[in-house]
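Engineer: The structure's right below; bear with me while I get my questions together.
In my numbering, the protein residues as written are 25 to 249.
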């Protein structure tokens with residue numbers, strides 16, 4: 025490792041050139057690192073196919089992979105980090121080579137870890153939007169007018185409030201639809217227990233009734249029309 029005393033007296037231009045060289049070399053190593061990890065992942069996928077163990081769960085496959093890493097003379101913590109990174113790439117690459125039917129056969133989820141992370145971020149974003157939309161609706165919905173004190177005029181409502189409330193209600197309906205759309209069929213059919221599916225069905229039925237009651241209002245003709 026470079027020591028400060030080694031370069032303390034170098035000129036500014038030399039230090040800048042040195043720093044740029046280190047940055048360039050680091051960037052090149054980073055690119056090679058990802059490529060090598062993917063190559064390792066492909067190699068281990070080939071080994072899984074050789075052992076007829078696409079999921080990588082069998083003892084013989086695990087022993088072979090362990091022996092592949094054991095003779096490298098690399099610290100154990102570095103090996104653990106490398107294997108975790110390789111498994112990440114294996115998970116994503118398997119979806120490129122296997123059909124949905126094969127993934128189901130080997131009890132593997134149809135989506136990769138990367139896709140599930142993206143879905144989770146989208147769901148979290150939708151929940152945040154829904155929370156903001158619900159707060160906006162609560163704030164903009166006109167409150168029932170209070171009875172004015174005798175001899176005083178009632179407080180007039182803000183002229184723009186109905187427009188804002190209408191916009192907020194439409195936005196809330198949109199984000200609510202997006203959240204329900206994030207529910208995954210595979211999770212419901214493959215991962216939920218019968219009791220969990222029954223609970224979800226109960227919640228969806230209540231949601232359906234609420235939506236039906238609101239739709240009656242959207243179909244109701246305006247008074248005086």
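We treat Cβ as the ideally placed atom computed from N, Cα and C, and that holds for glycine.
Pull up the distance between the alpha-carbon of residue 59 and that of residue 68, whole angstroms please.
Structural biologist: Looking at the two C-alpha atoms, the distance is approximately 14 Å.
Engineer: Report buried or exposed for residue 85, applying the criterion of at least 16 other Cβ atoms within 10 angstroms of its Cβ.
Structural biologist: Burial call: buried.
Engineer: Could you give the C-beta distance for residue 61 and residue 94, rounded to a whole number, given that I count them as a contact under 8 Å?
Structural biologist: Actually they are not in contact, since the Cβ atoms of residue 61 and residue 94 sit about 19 Å apart, beyond 8 Å.
Engineer: Quick one: using the 10 Å Cβ neighbour count with 16 as the cut-off for buried, is residue 98 buried or exposed?
Structural biologist: The residue is exposed, with fewer than 16 neighbouring Cβ atoms inside 10 Å.
Engineer: Report yes or no: do the stretch 155 to 166 and the stretch 182 to 198 share at least 3 C-beta pairs separated by less than 8 Å?
Structural biologist: Flag = yes, the stretch 155 to 166 and the stretch 182 to 198 touch.
Engineer: Just verifying my parser: in three-state terms, what is the DSSP assignment at residue 81?
Structural biologist: In this structure, residue 81 counts as coil in the three-state DSSP scheme.
Engineer: Ordered along the chain, which non-local residues of its own chain (more than five positions away) have a Cβ less than 8 Å from that of residue 36?
Structural biologist: Result list for residue 36: empty, nothing under 8 Å.
Engineer: So residue 101 is in the alpha helix (DSSP H); what residue range does that whole segment cover?
Structural biologist: Where residue 101 is concerned, the enclosing alpha helix (DSSP H) stretches over 100 to 121.
Engineer: Any idea if residue 65 is buried or exposed, counting beta-carbon neighbours within 10 angstroms, 16 or more meaning buried?
Structural biologist: Under this definition residue 65 is a buried residue.
Engineer: My guess is that residue 131 and residue 79 are in contact by the Cβ rule of under 8 Å, so how many angstroms apart are they, rounded?
Structural biologist: Correct: roughly 7 Å between the Cβ atoms.
Engineer: Excluding the 5 residues preceding and the 5 following residue 186 in the sequence, name in chain order all residues of the same chain whose CB lies nearer than 8 Å to its CB.
Structural biologist: 166, listed in sequence order.
Engineer: Our contact map puts residue 221 next to residue 212 with C-beta atoms below 8 Å; I'd like the distance itself, whole angstroms only.
Structural biologist: That belief holds up - the Cβ atoms of residue 221 and residue 212 are roughly 7 Å apart, short of 8 Å.
Engineer: Report back the beta-carbon spacing between residue 230 and residue 200 to the nearest angstrom; my notes put them in contact at under 8 Å.
Structural biologist: Residue 230 to residue 200, Cβ: 14 Å. No contact.
Engineer: Let me check understanding here. Comparing Cα to Cα, which of 188, 151, 100, 54 lies closest to residue 163?
Structural biologist: Comparing Cα-Cα distances from residue 163 to each of 188, 151, 100, 54, the minimum goes to 188.
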